[in-house]
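Residue numbers (this note's numbering), protein chains in the order written: chain A, 64 to 174; chain B, 132 to 244.
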């Protein structure tokens, strides 16, 4: 079974705090993607990481791919209410591109 | 618009009825994917099309589920004899080719009474 464990499932923090979301698997992925989803909408791609050890930054968001390409993290610095949403990690294998999704992290940032 | 379009956006039907969900991918995208998302959960892969062929149907939950794609464009997902456990948001995504970033539609929210 191809599984991607995402944690925490829920996160409620105050504006200005930092947070980290984790995705872990026993499988090796060819790439890993992070999405953000708003209610009533489809997921929107934030970043794709491909190389083991890779770090990508998107403003206050930092994404890291583990050296063995089995795990990834998303770190948000100085969270803002606009960061509120469902964050999803998804791993891809070289098998046509289907994505294996984590369970999602529901983030709430209170002003 | 230029994004992935899905219709209907909402569908309410009685248990036992058949439903058909439609996906219009981004023009020129050869790969098309269907996923299912239960409330508050991540997405479950259903089926993948490359052109009009479906090399991976491994996520279809039962033989009540089928999908087709024509003209390397529009795809329809059909659920026969719907059950209450079929209630979910059905999301479609397309990409330029396989292993390229996937762009999602806003989904069809299916409710089975």
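Where is the CB? At the ideal position from N, CA and C, for every residue including glycine.
Inter-segment contact for the region 144-151 of chain B and the region 203-214 of chain B is present: three or more beta-carbon pairs are separated by less than 8 Å. For residue 186 of chain B, the secondary structure class from DSSP, reduced to helix, strand or coil, is strand.
Interface with chain B (8 Å Cβ-Cβ cutoff): residue 162 of chain A is included. The closest CA to that of residue 241 of chain B, considering only B:155, B:166, B:188, B:134, is found on B:166. Between residue 130 of chain A and residue 116 of chain A, the C-beta spacing is below 8 Å.
Taking residue 181 of chain B as the centre and dropping the five residues before and after it, the same chain places the C-beta of 161, 162, 229 closer than 7 Å to its C-beta, in chain order. Here the C-alpha atom of residue 118 of chain A lies approximately 8 Å from the C-alpha atom of residue 112 of chain A. Just so you know, the alpha carbons of residue 136 of chain B and residue 207 of chain B end up roughly 12 Å apart.
Residue environment for residue 191 of chain B: buried (at least 16 other C-beta atoms within 10 angstroms of its C-beta).
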